[in-house]
Amino acid sequence: MHGIRRSSPIFLRLILAFIMILTPLFLIMLTFVNNGKEDLKNKISESILASNMNVLHLLEIESERILRLLPEFVLDKDLLILAANGNELDDYEKVEKIQSIQRRLKLVKQSSPFISEVKTYIPSINRTISSSEYFTSINAPEYEAMVKLYTHEGSLVSWDGRLWIRFRYGGAQNNRPLFVQSVELSLPELRNLLSDTPQSVGISTELAGFFEGSFVSTGIDPKRTIWLQNHLHQWKATEGIEYVTYQKERYMLAYRLSPTLGMYMVTFIPESSLLGELRKYEIKLWILFAVSLILIVLFSYSIYRIIHKPLKKLVIAFKRTKTGQLQPIEVPRRNDEFAYLYQGYNDMVERLDELISEVYHQKIISQRHELKRLQSQINPHFLYNCLFVLNQLILSEDIETAYRFSLSVGQYFQLMTRDGADEIPLVTEMNHSQTYVNIQKICFMDRVDVTFPEQISFSQSLAVPRLIVQPVIENAYKYAFSNKHSGGKLFIHVNEDDTHIMIHVEDNGDLLTDDDISQLQEQVLRTPGTNEDISGLNNVHRRIRIKFGPDSGIKLGRSGLGGLWVRLRFKKEPIPELRGD
3 MHGIRRSSPI
13 FLRLILAFIM
23 ILTPLFLIML
33 TFVNNGKEDL
43 KNKISESILA
53 SNMNVLHLLE
63 IESERILRLL
73 PEFVLDKDLL
83 ILAANGNELD
93 DYEKVEKIQS
103 IQRRLKLVKQ
113 SSPFISEVKT
123 YIPSINRTIS
133 SSEYFTSINA
143 PEYEAMVKLY
153 THEGSLVSWD
163 GRLWIRFRYG
173 GAQNNRPLFV
183 QSVELSLPEL
193 RNLLSDTPQS
203 VGISTELAGF
213 FEGSFVSTGI
223 DPKRTIWLQN
233 HLHQWKATEG
243 IEYVTYQKER
253 YMLAYRLSPT
263 LGMYMVTFIP
273 ESSLLGELRK
283 YEIKLWILFA
293 VSLILIVLFS
303 YSIYRIIHKP
313 LKKLVIAFKR
323 TKTGQLQPIE
333 VPRRNDEFAY
343 LYQGYNDMVE
353 RLDELISEVY
363 HQKIISQRHE
373 LKRLQSQINP
383 HFLYNCLFVL
393 NQLILSEDIE
403 TAYRFSLSVG
413 QYFQLMTRDG
423 ADEIPLVTEM
433 NHSQTYVNIQ
443 KICFMDRVDV
453 TFPEQISFSQ
463 SLAVPRLIVQ
473 PVIENAYKYA
483 FSNKHSGGKL
493 FIHVNEDDTH
503 IMIHVEDNGD
513 LLTDDDISQL
523 QEQVLRTPGT
533 NEDISGLNNV
543 HRRIRIKFGP
553 DSGIKLGRSG
563 LGGLWVRLRF
573 KKEPIPELRG
583 D
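Residue numbers (our numbering): 3 to 583.
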């Protein structure tokens, strides 16, 4: 029985068994999905790098073509004359040559969609000729950026957030050139080219690089541009794949460096877009696992109803038997193993009921004999004390006191012998105790001040064993007042609640310490051996518990008067063993 109760329930065992079978299969399938993720990541990364390489190759070819095209202007006679002797020409000749140069610049611009503007800077006449318009003077910052000798690799230069290809003609390294050709690349067209690469939703590609400390990017997201600017310094390789987190989203970042352009081509690929289809399969796999768990629970529950539920019913019946409820189990109509177990249990319960009835009657007889023996120990002892006191009064020739004393003793024993029952009403027991107090008042004279309830009544009539209050009062006289010549105090009072009646006996004796009281409580609670004599408070405590059960009896403590406090506690509904004969 204990093994069934303490072991894991069959229902949970079944579920765990099926889960242990299903879990390895699920893990294998999940491993396949994860391997598929890695394969897909590798293929996509290879595809992105190849695509980026093709686009970069196209841009490099275009950049080199433009770079080769610019020196051809050296063969332009009009440009050489205008740059060398422009100030000596009249206005007509100057305008004619400028228009000729401008036509050639327009042809260069129209030769590539990636060219936004083509310019020629002629410092000798302080003029800038553009493919789209004629500037009256040179833009000094722009010209200085074009003239400056750069140390970085690549054909591109950056100024004002724009990309340029430039060509210097004439002049040594530290001298001013005769003229400068510059081609401004179109960032929108570059973005269009990058956006035309094979991409899924959410994937973006941009060019980015540092030029003499300045950072240029074709991206349109300012926050991502700043993030990329801070991140670009960390790349040591010319190409690679990284997994980064940007704005709380996970990205696969593919990059490739173009030495010709001096820029990185960077592609941002959200993992949600990268693994979209596989994530759907993964979600479906989890759904399948959840559905399998539900089916396992349903299947296990069906087995639970067939096996575990009848077994649980049998276990509950055994628990009821343990608490004394010998109730048979209804035997099911089906003729199976549980019907056989139930019938065996019912036969056992029937036999136990017979044995318990026999033990019950034997226990009643034993308890009644025990009460008789305990009461027989008290009566001779009290009679001996009374005769001894009466003897002393007669010897002292105090006839009046001897008369009152003998009358009280006679009333006491008259009440004891008038009814031969083992139990008496609690009110009668209190009256007996008051008679005993009257006897002790004569013995102790004015040495003890006694407070006893004038009227004794209880909410219900309660039968108690004989002589359970008087021995407690006798104990106070014997130990608390034996050495007091005056000032003794004895306080007897009663109270009750919904379930119990309490009688309190308090004195102001000064012989007992707190340790003595604790030891005395242990002696009262101790169960004596078979041949050990029983008397005093232990006697009273045992008889109360035999009658009223373990939550009744005597409790000791420190009295508010300074001496010993004894509480007698009686349950209003006594245990059933002593209710009948």
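C-beta atoms are modelled at their ideal positions from N, C-alpha and C, and glycine is treated no differently.
Nearest-angstrom Cα separation, counted from residue j out to residue i
{"i": "S197", "j": "V268", "result": "12 Å"}
{"i": "G490", "j": "G511", "result": "7 Å"}
{"i": "L165", "j": "V149", "result": "15 Å"}
{"i": "I68", "j": "I167", "result": "8 Å"}
{"i": "V246", "j": "V159", "result": "29 Å"}
{"i": "N44", "j": "L18", "result": "38 Å"}
{"i": "S408", "j": "P552", "result": "39 Å"}
{"i": "E90", "j": "R193", "result": "45 Å"}
{"i": "E575", "j": "M432", "result": "19 Å"}
{"i": "G412", "j": "S463", "result": "26 Å"}
{"i": "K321", "j": "K315", "result": "10 Å"}
{"i": "K443", "j": "L354", "result": "56 Å"}
{"i": "S520", "j": "V333", "result": "55 Å"}
{"i": "E155", "j": "P261", "result": "Caution applies to E155, whose pLDDT of 48 falls short of 50 and renders its modelled position unreliable; the value that the coordinates give is listed next. Cα to Cα, E155 sits roughly 7 Å from P261."}
{"i": "S2", "j": "V317", "result": "This structure cannot speak to residue 2, because the chain is shown only from 3 to 583."}
{"i": "S114", "j": "E40", "result": "40 Å"}
{"i": "V429", "j": "Y347", "result": "48 Å"}
{"i": "G531", "j": "G538", "result": "Summary for G531: the model assigns pLDDT 47, below 50, so the residue's position carries little reliability, and this model does not support an answer."}
{"i": "N387", "j": "Q394", "result": "11 Å"}
{"i": "P73", "j": "L81", "result": "12 Å"}
Residue span of the alpha helix (DSSP H) that contains residue i, given as start and end
{"i": "N477", "result": "Q472 to Y481"}
{"i": "E332", "result": "No alpha helix (DSSP H) contains E332, which DSSP labels as neither H nor E."}
{"i": "W229", "result": "P224 to H233"}
{"i": "T269", "result": "Element bounds for T269: not the alpha helix (DSSP H) but the beta strand (DSSP E), M265 to P272."}
{"i": "I138", "result": "The question names Ile, but residue 138 in the sequence shown is Thr. That residue, T138, is in no alpha helix (DSSP H); it is neither H nor E in DSSP."}
N-terminal and C-terminal residue of the beta strand (DSSP E) that residue i is part of
{"i": "E191", "result": "Per DSSP, E191 belongs to no beta strand (DSSP E); it is in the alpha helix (DSSP H), L189 to S197."}
{"i": "K491", "result": "G490 to E498"}
{"i": "F320", "result": "From DSSP, F320 is part of no beta strand (DSSP E) but of the alpha helix (DSSP H) over K311 to K324."}
{"i": "L72", "result": "That residue, L72, is in no beta strand (DSSP E); it is neither H nor E in DSSP."}
{"i": "I508", "result": "First, the residue type needs correcting, since residue 508 is Glu and not Ile in the sequence shown. Run containing E508: H502 to D509, per the beta strand (DSSP E) assignment."}
{"i": "Y248", "result": "E241 to Y248"}
{"i": "P467", "result": "A465 to P467"}
{"i": "K121", "result": "I117 to I124"}
{"i": "Y253", "result": "E251 to S260"}
{"i": "T130", "result": "R129 to S132"}
{"i": "P427", "result": "E425 to P427"}
CA nearest to the CA of residue i, picked from the options
{"i": "L566", "options": "V507, S47, K225 and D349", "result": "V507"}
{"i": "P272", "options": "S206, L469 and N433", "result": "S206"}
{"i": "L259", "options": "G242, L389, H543 and Q183", "result": "G242"}
{"i": "L234", "options": "I222, L255 and N393", "result": "L255"}
{"i": "Q329", "options": "D349, E339 and A341", "result": "D349"}
{"i": "E146", "options": "S134, T130 and T138", "result": "T130"}
{"i": "R15", "options": "S302, D223, I30 and V185", "result": "S302"}
{"i": "E98", "options": "K79, N540 and N232", "result": "K79"}
{"i": "L295", "options": "L187, F454, F28 and E339", "result": "F28"}
{"i": "R170", "options": "P427, L71, V439 and E360", "result": "L71"}
{"i": "G562", "options": "W288, Y438 and D509", "result": "D509"}
{"i": "D448", "options": "E456, Q472 and F483", "result": "F483"}
{"i": "M265", "options": "V299, H487 and A239", "result": "A239"}
Integer-rounded CB distance, given that residue j should sit under 8 Å from residue i
{"i": "F181", "j": "I124", "result": "5 Å"}
{"i": "T220", "j": "L209", "result": "5 Å"}
{"i": "E425", "j": "V474", "result": "Going by Cβ atoms, the distance from E425 to V474 rounds to 18 Å, so no, they are not a contact pair."}
{"i": "I331", "j": "A319", "result": "5 Å"}
{"i": "S65", "j": "L263", "result": "6 Å"}
{"i": "E119", "j": "S133", "result": "6 Å"}
{"i": "R560", "j": "D516", "result": "7 Å"}
{"i": "T122", "j": "I103", "result": "6 Å"}
{"i": "I505", "j": "V452", "result": "With a Cβ gap of about 15 Å, I505 and V452 do not count as contacting."}
{"i": "V57", "j": "I117", "result": "With 8 Å as the limit, V57 and I117 do not qualify as a contact, their Cβ atoms being about 17 Å apart."}
Burial state of residue i (16 or more Cβ within 10 Å)
{"i": "F34", "result": "exposed"}
{"i": "S410", "result": "buried"}
{"i": "V568", "result": "buried"}
{"i": "F390", "result": "exposed"}
{"i": "F572", "result": "buried"}
{"i": "R468", "result": "buried"}
{"i": "Y342", "result": "exposed"}
{"i": "P312", "result": "buried"}
{"i": "H1", "result": "Limits of the chain in this structure are 3 at one end and 583 at the other, which puts residue 1 out of reach."}
{"i": "L357", "result": "exposed"}
{"i": "G163", "result": "exposed"}
{"i": "W161", "result": "buried"}
Residue i CB to nearest heavy atom of the ligand ZN below 7 Å
{"i": "V299", "result": "This structure lacks the ligand ZN, and indeed carries no ligand of any kind."}
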